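*Asks:*
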Amino acid sequence: MVGECSIASVCYNLSMSEIKCPKCGTTFKVDDSSYADILNQVRGAEFENELHVRLKQAEEKAAADKELSAAKLTAEIEKLKVELANAETLKKLAIAEAKAPIEKERDRLANDLENKTTQAKLREAAIVEKYKGAIELRDEEIERLKDMKAKLSTKMVGETLEQHCQAEFNRIRMAAFPNAYFEKDNDARTGSKGDFIFRECDEAGNEIVSIMFEMKNENETTATKHKNEDFFKELDKDRKEKKCEYAVLVSMLEADDEYYNTGIVDVSYRYEKMYVIRPQFFIPIITLLRNAALNSMKYKAELAIVREQNIDITHFEENMEAFKTAFARNYELASRKFQNAIEEIDKTIAHLQKTKEALLSSENNLRLANDKAEDLTIKKLTRGNPTMKAKFDELDKA
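In short: position in the sequence shown from 1, add 611, done, that's the numbering used here.
Shown next, in the form of structure tokens:
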């Protein structure tokens, strides 16, 4: 309203060719051209002012609408945030409910896994510690044997290995193998023999297990180096001849061969039921084979019964054959001696005949001698011998 009054006042004054300043109140006149010019300026300023007023009002209204819209939008946003928060809470609750049993199971499995992992680590540590000691013992044994071999002759090296095995067995004989036989094989009737024979029987006399052992070693300085397989054939032969179930070569040969250094080596692909071991596995191989044999004792006992029945029949047949053989032999010997006796009698008869003839010839000679003796007289004896004649004459006079 103020702006409109000011414009009207100015316009009114301008119509009288006078201009009055609305601020200071000074009035001054203008000509028509100036008036027109001023009028244009007034109209432009009025429009500009009006425009500014309207723009300001529009801006204010827009600002107010904007604030209202912003408030509504903010309220809507807040509402959505609350709803979203509620939804998120529900989602979290649902997820938590769904995850609870899974996490519980996961924790249980994790605990089990941790326990098992711990147990596994403990077992692993125990195994490592166990075999660490075994490896150290083996290394010490190897070093000891190497040092020993350097000091002994080739023959003494072999004997020492045998003594080592025998001492190891005797050390646990009464505790582990009280009914076992373990002695040197001294039976060379077949042309060869192993080093030791192990046999064990149950109380009924059934054999549990039997092993033919051969011990082989050689000095490091030996020119000709032997291999383990060089002795397989002879060992298998000894096993069969001595009726042993297994054959074991206790060997220090090929000391750098990892194949034989890994433990108990099964060479049954070459020869049946044969193994090669290092000395430290001497007692374990006996225990292993013996325990395996104990599991089959039931079948062995049944086999022994069947075998005993067969043996009874076999013994009868063997006895019959033995009788026939002995009878035939005795008959042959008797016949031969009878023939010899007859021949001797014939020889004796011939000899007696010769003796008879000699005696008859002697009798004739004796007769002739007797005749000569009877014909012998003192006269004939002293004939041609004056000395003797004188002696006999003296005897006659006396």
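Ideal placement from N, C-alpha and C gives every residue a C-beta, glycine not left out.
These numbers were taken from a predicted model, which means no experiment stands behind them.
Out of curiosity, what's the CA-to-CA distance linking residue 840 and residue 733?
*Replies:* 41 Å
*Asks:* Select from 913, 968, 710 the residue whose C-alpha is nearest the C-alpha of residue 818.
*Replies:* 913
*Asks:* With residue 857 as the anchor, note down where its beta strand (DSSP E) starts and where it stops.
*Replies:* 857-862
*Asks:* Taking the C-alpha atoms as reference points, what is the distance between residue 962 and residue 950?
*Replies:* Roughly 18 Å separates the two Cα atoms.
*Asks:* Straight-line CA distance for residue 845 to residue 803?
*Replies:* 8 Å
*Asks:* Is the Cβ-Cβ distance between residue 855 and residue 810 less than 9 Å?
*Replies:* Closer than 9 Å, so yes.
*Asks:* Can you look up residue 678 in the DSSP assignment and give me helix, strand or coil?
*Replies:* helix
*Asks:* Can you tell me the Cα-Cα spacing of residue 1040 and residue 826, whole angstroms?
*Replies:* Nothing in the structure corresponds to residue 1040, since the chain is present only between 612 and 1009.
*Asks:* In angstroms with no decimal places, state the Cα-to-Cα distance between residue 722 and residue 687.
*Replies:* 49 Å
*Asks:* Going by Cα to Cα distance, which pick from 884, 968, 842, 778 is closest to residue 893?
*Replies:* 778
*Asks:* Name the DSSP bridge partner or partners of residue 893?
*Replies:* DSSP output for residue 893 lists no bridge partner at all.
*Asks:* Are the segment 883-891 and the segment 859-874 touching, with three or more C-beta to C-beta distances below 8 Å?
*Replies:* yes
*Asks:* How would you label residue 821, buried or exposed, when you count the other beta carbons within 10 angstroms and need 16 or more for buried?
*Replies:* buried
*Asks:* For residue 884, which residues in the same chain have their Cβ closer than 7 Å to its Cβ, ignoring the five residues on either side in sequence?
*Replies:* Same-chain partners within the cutoff: 856, 857, 858.
*Asks:* Just curious, the alpha helix (DSSP H) that residue 843 is in, first and last residue?
*Replies:* For residue 843, the enclosing alpha helix (DSSP H) has its first and last residue at 843-852.
*Asks:* Under a three-way DSSP split, which group does residue 878 fall into?
*Replies:* The DSSP-derived three-state label of residue 878 is coil.
*Asks:* Just tell me which of 829, 800, 850 has its CA closest to the CA of residue 823.
*Replies:* 850
*Asks:* Closest to residue 813 by CA distance: which of 689, 707, 904 is it?
*Replies:* Residue 904 is the option with its Cα nearest to residue 813.
*Asks:* By Cβ distance, which residues of its chain are closer than 7 Å to residue 806, with the 5 residues on each side in sequence left out?
*Replies:* 773, 795, 796, 824, 825, 826
*Asks:* Compare the Cα-Cα distances from residue 878 to each of 908, 866, 895, 842 and report the closest residue.
*Replies:* 842
*Asks:* Is the separation between the beta-carbon of residue 916 and that of residue 899 shorter than 9 Å?
*Replies:* In this structure, residue 899 does not lie closer than 9 Å to residue 916 by Cβ.
*Asks:* Within 10 Å of its beta-carbon, does residue 871 have 16 or more other beta-carbons around it, so buried, or fewer, so exposed?
*Replies:* buried
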